[in-house]
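Enquirer:
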Amino acid sequence: MLAMFLFWLSGFSSVSCPPDTLRQDSMIISGSCWDVTTGLDLKTHITARVEGGAWMAHHTDANGLFSIQVPSHTQQLTFDIIGYETVVFPVTALGEMDRNTRFRLSIPVIRKDSQLLVGTYNPPPKQNPKSVAKGTSFFRVRNAHSGIRLQATVCLKYPNTGRAHCFEVDSTKVPTGLALARSEAIAIEVNVSGYQSYRGSITASPDGLENQLYQIRLLPLNHTILALAYEVPENQQFRYEIRKPGHSTFVSSFTAPIPYLSSNSVRPDEDYQLTIYDKGNQLVRQETFTIKPGLNFKTIRLKKPAASTPAASIMHRDYATYDSVVLYFDQSTYHLRQATQPTLDSISWLLARQPGLRAHLTGHTDNVGQRALNQTLSEYRARVVAHYLKQRGVAPEQLVPTGRGPDSPAAPNDSEVNKAKNRRVVVRLQP
Numbered sequence: 001m002l003a004m005f006l007f008w009l010s011g012f013s014s015v016s017c018p019p020d021t022l023r024q025d026s027m028i029i030s031g032s033c034w035d036v037t038t039g040l041d042l043k044t045h046i047t048a049r050v051e052g053g054a055w056m057a058h059h060t061d062a063n064g065l066f067s068i069q070v071p072s073h074t075q076q077l078t079f080d081i082i083g084y085e086t087v088v089f090p091v092t093a094l095g096e097m098d099r100n101t102r103f104r105l106s107i108p109v110i111r112k113d114s115q116l117l118v119g120t121y122n123p124p125p126k127q128n129p130k131s132v133a134k135g136t137s138f139f140r141v142r143n144a145h146s147g148i149r150l151q152a153t154v155c156l157k158y159p160n161t162g163r164a165h166c167f168e169v170d171s172t173k174v175p176t177g178l179a180l181a182r183s184e185a186i187a188i189e190v191n192v193s194g195y196q197s198y199r200g201s202i203t204a205s206p207d208g209l210e211n212q213l214y215q216i217r218l219l220p221l222n223h224t225i226l227a228l229a230y231e232v233p234e235n236q237q238f239r240y241e242i243r244k245p246g247h248s249t250f251v252s253s254f255t256a257p258i259p260y261l262s263s264n265s266v267r268p269d270e271d272y273q274l275t276i277y278d279k280g281n282q283l284v285r286q287e288t289f290t291i292k293p294g295l296n297f298k299t300i301r302l303k304k305p306a307a308s309t310p311a312a313s314i315m316h317r318d319y320a321t322y323d324s325v326v327l328y329f330d331q332s333t334y335h336l337r338q339a340t341q342p343t344l345d346s347i348s349w350l351l352a353r354q355p356g357l358r359a360h361l362t363g364h365t366d367n368v369g370q371r372a373l374n375q376t377l378s379e380y381r382a383r384v385v386a387h388y389l390k391q392r393g394v395a396p397e398q399l400v401p402t403g404r405g406p407d408s409p410a411a412p413n414d415s416e417v418n419k420a421k422n423r424r425v426v427v428r429l430q431p
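The sequence shown begins at 1 in UniProt numbering and counts up one residue at a time.
(1) Looking only at its chain, what residues have a beta carbon closer than 7 angstroms to the beta carbon of Ser114, apart from the 5 residues adjacent to it on each side?
(2) Can at least three beta-carbon pairs, one atom from the segment 184-201 and one from the segment 152-169, be found at a separation below 8 angstroms?
(3) Checking 7 angstroms against the spacing of the C-beta atoms, do Ala144 and Arg217 come in under that value?
(4) Please state the DSSP three-state secondary structure of Asp170.
(5) Count the C-beta pairs between the segment 158-173 and the segment 93-100 that are closer than 8 angstroms, then say yes if the count reaches three, no if not.
(6) Quick one: grab the DSSP three-state call for Val394.
(7) Please classify Asn296 as buried or exposed, where buried requires at least 16 other C-beta atoms within 10 Å of its C-beta.
(8) Determine the direct distance from the alpha carbon of Arg163 to that of Thr402, and round the result to whole angstroms.
(9) DSSP three-state call for Ala339: helix, strand or coil?
(10) Starting from Glu270, trace the beta strand (DSSP E) in both directions and tell me its first and last residue.
(11) Grab the span of the beta strand (DSSP E) containing Asn143 for me, first residue to last.
(12) Among His73, Ile258, Pro90, which one has its Cα closest to the Cα of Phe79?
(13) For my contact list, Leu219 and Leu261 are in at a C-beta cut-off of 8 angstroms; report their separation, rounded to the angstrom.
(14) Using CA coordinates, which residue listed in Gln212, Ala133, Gly280, Arg381 is at the minimum distance from Arg239?
(15) Would a C-beta distance cut-off of 7 angstroms place Arg267 and His360 closer than the cut-off?
(16) Name, in chain order, the residues that DSSP records as bridge partners for Asp41.
(17) From the DSSP output, which residues share a beta bridge with Leu327?
(18) In the DSSP assignment, the beta strand (DSSP E) including His360 goes from what residue to what residue?
(19) State whether the segment 105-121 contacts the segment 25-35, with contact taken as three or more CB pairs (one from each stretch) at a distance under 8 angstroms.
(20) Using 10 angstroms around the beta-carbon of Ala312, count the other beta-carbons present and answer buried if the total reaches 16, otherwise exposed.
(21) When the Cβ atoms of the segment 373-387 are set against those of the segment 403-411, are three or more pairs found closer than 8 angstroms?
(22) Relative to the C-alpha of Gln282, which residue among Asp269, Ile258, Gln237 is closest?
(23) Given Phe250, which residues of its chain have a CB within under 7 angstroms of its CB, disregarding the five upstream and five downstream residues?
(24) Assuming Gly83 and His387 make a contact with CB atoms under 8 angstroms, what is their CB distance in whole Å?
(25) Measuring straight from C-alpha to C-alpha, what distance separates Asp330 and Arg301?
(26) Do Tyr230 and Pro259 count as a contact pair if the criterion is CB distance below 7 angstroms?
(27) Going along the chain, which residues of its own chain have a beta-carbon closer than 6 angstroms to the beta-carbon of Leu178, five neighbours each way excluded?
(28) Among the candidates Pro245, Glu85, Val368, Thr44, whose CA atom is the shortest distance from the CA of Asn63?
(29) Could you pull the start and end residues of the beta strand (DSSP E) that Ile186 belongs to?
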């Protein structure tokens, strides 16, 4: 028997058109808009524009979660959140949709007032501190979601004189330094191709002695997302590979069904090939499709059942493998490393199929800096892991995130190698 087992979807509410007003091919889209700084889901107003110019309005529940039903010929989805930039997606359905095909999304956003971080600039070990003039201001631009450093154009405008100065910032290298006029608020605009612009104001160090670091965090202007639903035999395991046609390397390979691929994996107006293998490495299905800008919705269907594999044996094996996992983080960040995502995908697959399991997520830090800040950082690390698992369909009640700060080190904080072992989140699965 074929069954839809994308992910656990329950406890949501929305305002949408009654099911009998929708065409036979429709979609139920669930998920949340979440703040990349706090990891919290946000209350959101959602509008869908369909063919003919009609609009459908929806909203999230009290927990910031949405579940909306829209026709597959929907042309645009708009997400409005108070205090955040409006996010607008064009929508494309790749292939036919059954009625109520279920998809899951997670939309990262950032508050306008949390895009600029101001701190003290500490030169890297290879840079001679004496070569840095006192009172220099440095600039660095990052992707707010992934933490990737970006090349940007920064423009400063001095309101008292009307003088403007624009310069290029290559954040992959040592931050760009500049001497700013003191005691004057300076308008700043930051632009990166393909990203939302930032506009705000900065003030140089009042005494001219401190070297300041301005870090500006931006999100992509238009995400390109491939959202996936699965209609496959429920008791069998498959391997999915997505690659560009004619290329031997794949852009994504997974055995646990994942809800979507983002701009890190797929790009608009390019062709991709989906190849599916069964557990015996036999080819089951292969097809090619073109990704469009914005949200792309596609259902993966396997009409021909493969050899049966008892689900219980798969679950038991995965549980034995992932009863305790350590995920490591870079210093002073809570961004997930790309290498940890396949492990979390497998954990989410197991948790979604064993609702009696709970994942205890405990964040830790090294002892560098203030203890209170490290405590907050450890909590953020645990929340980011929890949010990733929720994106993959794990029920919120199965996740228990906590932070221990620097209080439970895995190794003495006596060297950089040992400190790296303490920047972690420990995942423990318990009934």
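Glycine is no exception: its CB is placed at the ideal position from the N, C-alpha and C atoms.
Source: prediction; values computed, not measured.
Expert: Per the coordinate set shown:
(1) Thr37
(2) yes
(3) yes
(4) strand
(5) no
(6) Of the three classes helix, strand and coil, the one that applies to Val394 here is coil, per DSSP.
(7) buried
(8) 49 angstroms
(9) helix
(10) 270-278
(11) 136-143
(12) Pro90
(13) That belief does not hold up - the Cβ atoms of Leu219 and Leu261 are roughly 17 angstroms apart, past 8 angstroms.
(14) Gly280
(15) no
(16) Trp34
(17) Val425.
(18) Per DSSP, the unbroken beta strand (DSSP E) holding His360 starts and ends at 358-364.
(19) yes
(20) Any reading at Ala312 needs caution, since the residue's pLDDT is 34, under 50, leaving its predicted position unreliable; the model's value is listed next. Exposed, by the Cβ-count rule.
(21) yes
(22) Gln237
(23) Glu241, Ile242, Arg243
(24) No, Gly83 and His387 are not in contact; Cβ-Cβ is about 19 angstroms, not under 8 angstroms.
(25) 39 angstroms
(26) no
(27) Ser137
(28) Thr44
(29) Annotation: the continuous beta strand (DSSP E) that includes Ile186 extends over 185-191.
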